[in-house]
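Trainee: Next up is a structure, given as structure tokens.
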Amino acid sequence: MSSKGASLKGLLLVALLVSHMLLTKEGVTSMPICPNGSGNCQLTLEELFDRAVKLAHYIHYLSSEIFNEFDERYAQGRGFIAKAVNSCHTASLTTPEDKEQAQQIHHEDLLNLILGVLRSWNDPLIHLASEVQRMKEAPETILWKAVEIEEQNKRLLEGMEKIVGRVHSGEVENDIHTPWEGLPSLQLADEDSRLFAFYNLLHCLRRDSHKIDNYLKVLKCRLIHDNNC
Amino acid sequence: DILQSPQISKCRSPEMETFSCFWTAGNFYNLTVPRILQLLYKKSNEEDWKECPDYITSGQNSCYFNASYTSVWTPYCVQLASKNEVYDKKCFSVDEIVLPDPPVHLNWTLLNTSQTGIHGDIQVRWDPPPTADVRKGWITLEYELQYKEVNETKWKELKPRLSTMVPLYSLKTARDYEIRIRSRQRTSEKFGEFSEILYVSFSQIGIGCDHCTEEVEFPWFLVVVFGVCGLAVTVISIVLSKQPRLKMLIFPPVPVPKIKGIDPDLLKKGKLDEVNSILACHDNYKAQLYCDDLWVEFIELDIEDPEEKNRASDTDRLLSEDDLKSHSCLGTKDDDSGRASCCEPDIPETDFSASDTCDATSDSDQFKKATEKEGDLLCLERQDNDESLPNLASTDPQRQHRNTQSENSNVWAPFEDSVESPHLSVHTQISNQNSLTSTDFYAQVSDITPAGRVVLSPGQKSKLGRAQREGCTEQNFPMDNTYFCEADVKKCIAVTSHEENEPRVQEQGFNEDGYFTTESLTTTVANLGAPTAAPPSSETPVADYTSIHIVQSPQGLVLNATALPVPDKEFNVSCGYVSTDQLNKIMP
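Quick look at the structure:
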């Protein structure tokens, strides 16, 4: 009977995994075992970049989805769109705004910028995951996406730090992240204001995740494929 | 005409490096002053509205922002205005309005064909839109391919994919196909425009199979129609067929409620004696027999005997000596034929139980044997009949008693020889009683002689032979319940001396049957002195239930003269048989 139960559990796990993959349209692969097998296992830079790009894409995909869901559920009829000309807390980081700038910036600087943006989002994402649970009748999809984004962001940060460690020739710069002070706005008593704060935060998240996704692809094509993706 | 004001239809960036906005002019044509529309824009971090830098490049009613004016992740607002009036306003950021150009350079190559040459596989390739800088990774595109046969109307879609080539399998070589592709930014939802249509024609490369016979499509419609018709014909033929077996095989009959061993038709039309015998042998009924009040344990349906119907009353029957004499109680042989075979082993040696467990046939056989006339049934029937008490709440008490008696016929069978003599004694007693009492239809059996005679006490009036009971003091009963039930019935009664003399001889030949053995009875009888018959009429009131004075085995119980309160339930508890404990409780 125990073997039956175990096989049943296994089957259930497989079914859950498959359905998750189908639903999210993105298979989040776990880190494969190092091919060397030895203790000094080193992934190639290409593999690191591959994983980073995948993670960044996944984060951006989740951010898009959560923003769309939030917009659909809470922002309709509130005129938030008109107020979308907002300023994100990462605006102080001077990131490339077009292709020219992205091509001209040095890859180390770009990497540092990416790290800065990721670190700047660490704190807000933690609070987003906790505060979104207090939203009135928050759908389950929004809840788990918030948590998932926060986790994946951490993983991407670790991966980026590895890449930076490989790529950086000199010493590691001090991190250039910006603090986030938007927590009080997420906890406002007034529902309208609170929802607008969420809307802004999710909008900024979508934008910044798209930036990071783009920068990493540019870097990958530049460093790994020599501008010939 | 509906008046439409000018409005911005859309803003679009094909490659995330430039963007354009398009508007409609509306139909305010009746204005005297020709309107000049301006598109003003403003970045989020600016204060002033600036005018569109390029009204031409993107066509009429458009504004083109080249790369120098485009900041990808910066929020823009554009507004359509004339000198005095703002008609429309839109806010967006460039990364949200990316709609790539269609792919270019579509071509196809043949992969392989099937053996018959009817189908073939092709590979379609294309290039990304030239404007999109995919090589540097600035934008990542997904492609969706659609194809259809030339004369079809509906396009078949493939899943969006990142690669710029895709195979198409199993295309019909005899047909021509059209293919088109469109692209979108990977994280967006909206697709750009479709590419130009690519025509696929197998005949052009020489493998067209014009003379091939086309694969016949599976005639689903015909299959369904014929299948349904065949099934209908089969069902109808089965339903209408006279063959009950086939019909039962396909349409098994729904089982109606049924009691095992009882045929409802028999109940309706059959002879009652058969029915009674069936019911008597029924398991449920048997359980009831042993679990009900001991006085009703012998109730069963009437086993109707034609002669029995004619009897006016039990009393008359008892009184009529002719009947008695014609009784062939003696003739009732206790042959175990048929009975022993179906006797349950756990209730041995009790003909009573045996008769219950026997199936109907053996019972009825025995009854038939036994009832040449109503004889044997009546010998002891009457006694039991008399002993039956008013608590037998039956609609047909007469019959019930008769039936209990018929049950008892087997029970009493061992005593067939001795029956006759008690009959006389009973008869005399009864006659005495009857003379004394008016119309006591049921008389209580107060005692049973060792010889098997029953001493009756009519109703409330008299008690017989209390002294007679002493005769049964010698033997002890076995301590099992089943035996006690029997014993209750056969109370150890002492009979008058003149009655004892007769059975003594006759009882020799009896075989043992587990409860009352004749030998024991005879010994009891022998031990008896010359009991004096108690005067049949005694003025002491006789309780309907008499308490058990002594439990003796194997003869029976000695009833207590005094009307001890006998809790009825004690008798009812153990399936009608009294256990030793119960007896101990009852006895003084």
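Going line by line, the protein sequences match chains C and U.
Per the numbering used here, the first sequence starts with residue 1, numbered consecutively.
Per the numbering used here, the second sequence starts with residue 1001, numbered consecutively.
The beta-carbon is built from N, C-alpha and C at its ideal position, and this holds for glycine as well.
1) I need the straight-line Cα distance from residue 222(C) to residue 1015(U), nearest angstrom please.
2) Using beta carbons (cut-off 8 Å, strictly below), is residue 36(C) in contact with chain U?
3) Specify the secondary structure class of residue 1081(U) as computed by DSSP and reduced to three states.
4) With a cut-off of 8 Å, do at least 3 Cβ pairs link the region 95-104 of chain C to the region 146-155 of chain C?
5) Consult DSSP for residue 160(C) and reduce its assignment to one of helix, strand or coil.
6) Does the distance from the C-beta atom of residue 210(C) to that of residue 1133(U) stay below 8 Å?
7) Can you list, in chain order, the residues of its chain whose CB lies under 6 Å from that of residue 1108(U), leaving out five sequence neighbours each side?
8) Assuming residue 1100(U) and residue 1181(U) make a contact with CB atoms under 8 Å, what is their CB distance in whole Å?
9) Just the chain C side, please: which residues come within less than 7 Å of residue 1137(U) by C-beta, in chain order?
10) Three or more C-beta pairs closer than 8 Å, one from the region 1134-1143 of chain U and one from the region 1184-1202 of chain U: is that the case here?
11) For residue 1280(U), count neighbouring C-beta atoms within 10 Å of its own C-beta (all shown protein chains included) and say buried if the count is 16 or more, exposed if not.
12) Quick check on residue 1236(U): buried or exposed, where buried means 16 or more other Cβ atoms within 10 Å of its Cβ?
13) Does DSSP classify residue 1120(U) as helix, strand or coil?
14) So for residue 49(C), helix, strand or coil by DSSP?
15) Just confirm the distance between the C-beta atoms of residue 120(C) and residue 177(C), as a whole number of angstroms; I'd bet it's less than 8 Å.
16) So is residue 1019(U) buried or exposed if we call it buried at 16+ other beta carbons inside 10 Å?
17) Who are the neighbours of residue 1093(U) on chain C, taking C-beta pairs under 8 Å?
18) With 8 Å as the C-beta to C-beta threshold (strictly closer), list the residues of the region 89-105 of chain C near chain U in chain order.
19) Measure the C-alpha to C-alpha separation of residue 202(C) and residue 1057(U) and round it to an integer number of angstroms.
20) Where residue 1234(U) and residue 1228(U) are concerned, what is the direct C-alpha to C-alpha distance, given to the nearest angstrom?
21) With 16 other CB atoms within 10 Å as the buried threshold, where does residue 217(C) fall?
22) Start and end of the alpha helix (DSSP H) containing residue 1221(U)?
23) Consider the Cβ of residue 1140(U): report whether some Cβ of chain C lies at a distance smaller than 8 Å.
24) To which residues does DSSP link residue 1125(U) through a beta bridge?
25) Under a Cβ-count criterion, where at least 16 other Cβ atoms within 10 Å of its own Cβ denotes burial, should residue 1196(U) be classed as buried or exposed?
26) State the DSSP-derived secondary structure class of residue 1188(U), mapped to helix, strand or coil.
27) Sort 1171(U), 1037(U), 1223(U) and 1038(U) by Cα distance to residue 1110(U) and report the nearest one.
28) Taking the beta strand (DSSP E) that residue 1143(U) falls in, what are its first and last residues?
29) Is any beta-carbon of chain U found at less than 8 Å from that of residue 120(C)?
30) With 16 as the cutoff for other CB atoms within 10 Å, does residue 1202(U) come out buried or exposed?
31) Residues of chain C with CB closer than 7 Å to the CB of residue 1133(U), please, in chain order.
32) Just to confirm before moving on: does the CB-CB distance between residue 52(C) and residue 159(C) stay below 8 Å?
33) How about residue 1026(U): is its Cβ closer than 7 Å to a heavy atom in the ligand ATP?
34) Residues bridged to residue 1023(U) by DSSP?
35) Below 8 Å on the Cβ atoms is my guess for residue 1129(U) versus residue 1183(U); work out the distance and round it to an integer in Å.
36) Is the Cβ of residue 64(C) closer than 8 Å to any Cβ of chain U?
Mentor: Once the coordinates are examined:
1) For the purposes of this step, residue 222(C) is taken as the residue at position 222 of the first sequence. For the purposes of this step, residue 1015(U) is taken as the residue at position 15 of the second sequence. So the two alpha carbons sit approximately 18 Å from each other.
2) Counting from 1 along the first sequence, the entry for residue 36(C) is found at position 36. Summary for residue 36(C): the model assigns pLDDT 47, below 50, so the residue's position carries little reliability, and this model does not support an answer.
3) On the second sequence, position 81 is the one that residue 1081(U) refers to. If DSSP states are grouped into helix, strand and coil, residue 1081(U) belongs with the strands.
4) Counting Cβ pairs under 8 Å, fewer than three are found: no touch.
5) Numbered from its first residue, the first sequence carries residue 160(C) at position 160. Residue 160(C): helix per DSSP, three-state reduction.
6) Taking the first residue of the first sequence as position 1, residue 210(C) is located at position 210. Taking the first residue of the second sequence as position 1, residue 1133(U) is located at position 133. The answer is no: Cβ separation not under 8 Å.
7) The residue given as residue 1108(U) occupies position 108 in the second sequence. Close CB contacts of residue 1108(U) within its chain, under the 6 Å cut and outside five residues either way in sequence, are with 1122, 1124 and 1200 (chain order).
8) To locate residue 1100(U), count along the second sequence from 1; it is residue 100. To locate residue 1181(U), count along the second sequence from 1; it is residue 181. Separation of the CB atoms of residue 1100(U) and residue 1181(U) is rounded to 11 Å, and the pair is thereby denied contact status at 8 Å.
9) Here the question's residue 1137(U) lines up with position 137 in the second sequence. Correct list: 217, 218, 220, 221 and 229.
10) Judged by Cβ distances under 8 Å, the region 1134-1143 of chain U makes contact with the region 1184-1202 of chain U, as three or more pairs qualify.
11) Locating residue 1280(U) in the second sequence gives position 280, where the first residue counts as 1. Classification of residue 1280(U): buried, given that the 10 Å Cβ count is 16 or more.
12) For the purposes of this step, residue 1236(U) is taken as residue 236 along the second sequence, with counting starting at 1. Flag for residue 1236(U) reads exposed.
13) As a working note, residue 1120(U) is residue 120 in the second sequence. The answer is strand: DSSP assigns residue 1120(U) an E or B state.
14) Counting from 1 along the first sequence, the entry for residue 49(C) is found at position 49. Look at residue 49(C) here: in three-state DSSP terms it is helix.
15) Within the first sequence, the letter at position 120 stands for residue 120(C). Within the first sequence, the letter at position 177 stands for residue 177(C). Sure, about 4 Å apart at Cβ, within 8 Å.
16) Taking the first residue of the second sequence as 1, we reach residue 1019(U) at position 19. Counting Cβ neighbours within 10 Å, residue 1019(U) comes out buried, since at least 16 surround it.
17) In the second sequence, residue 1093(U) corresponds to position 93, counting from 1. In chain order: 207.
18) Taking a C-beta cut-off of 8 Å against chain U, the contacting residues of the region 89-105 of chain C are 95, 97, 98, 99, 100, 102 and 103, listed in chain order.
19) One-based indexing of the first sequence puts residue 202(C) at position 202. One-based indexing of the second sequence puts residue 1057(U) at position 57. Residue 202(C) and residue 1057(U): Cα-Cα distance of roughly 35 Å.
20) To locate residue 1234(U), count along the second sequence from 1; it is residue 234. To locate residue 1228(U), count along the second sequence from 1; it is residue 228. Annotation: residue 1234(U) to residue 1228(U) spans about 10 Å, alpha carbon to alpha carbon.
21) Numbered from its first residue, the first sequence carries residue 217(C) at position 217. Per the 10 Å Cβ criterion, buried.
22) The sequence position of residue 1221(U) within the second sequence is 221, counting from 1. Boundaries of the alpha helix (DSSP H) harbouring residue 1221(U): 1220-1240, taken from the DSSP string.
23) One-based indexing of the second sequence puts residue 1140(U) at position 140. Chain C, which has a Cβ nearer than 8 Å to the Cβ of residue 1140(U), makes this yes.
24) For the purposes of this step, residue 1125(U) is taken as the residue at position 125 of the second sequence. Its beta-bridge partners are 1107(U) and 1165(U).
25) Walking along the second sequence from the start, residue 1196(U) turns up at place 196. Counting every other CB atom within 10 Å of its CB across the protein chains shown gives residue 1196(U) a total below 16, marking it as exposed.
26) For the purposes of this step, residue 1188(U) is taken as residue 188 along the second sequence, with counting starting at 1. Residue 1188(U): coil per DSSP, three-state reduction.
27) For the purposes of this step, residue 1110(U) is taken as residue 110 along the second sequence, with counting starting at 1. With distances taken between Cα atoms, residue 1110(U) lies closest to 1171(U).
28) Walking along the second sequence from the start, residue 1143(U) turns up at place 143. The continuous beta strand (DSSP E) containing residue 1143(U) extends over residues 1141-1149.
29) Your numbering for residue 120(C) matches position 120 in the first sequence. Using beta-carbon distances, residue 120(C) does not count as an interface residue toward chain U, since no partner is under 8 Å.
30) Here residue 1202(U) corresponds to residue number 202 of the second sequence, with the count starting at 1. Counting other Cβ atoms within 10 Å of its Cβ, residue 1202(U) reaches 16 or more and is therefore classed as buried.
31) For the purposes of this step, residue 1133(U) is taken as residue 133 along the second sequence, with counting starting at 1. Correct list: 99.
32) For the purposes of this step, residue 52(C) is identified with residue 52 of the first sequence, where counting begins at 1. For the purposes of this step, residue 159(C) is identified with residue 159 of the first sequence, where counting begins at 1. Yes, the pair counts as a contact, with Cβ atoms nearer than the cut-off.
33) Here there are no bound small molecules, and the ligand ATP is not part of this structure.
34) In the second sequence, the residue the question calls residue 1023(U) occupies position 23. Per DSSP, 1008(U).
35) Here residue 1129(U) refers to the residue found at position 129 when the second sequence is read from its first residue. Here residue 1183(U) refers to the residue found at position 183 when the second sequence is read from its first residue. At roughly 6 Å, the Cβ-Cβ gap stays under 8 Å, so residue 1129(U) and residue 1183(U) are in contact.
36) Reading the first sequence from its first residue, position 64 is the one you call residue 64(C). The beta carbon of residue 64(C) sits closer than 8 Å to some beta carbon of chain U.
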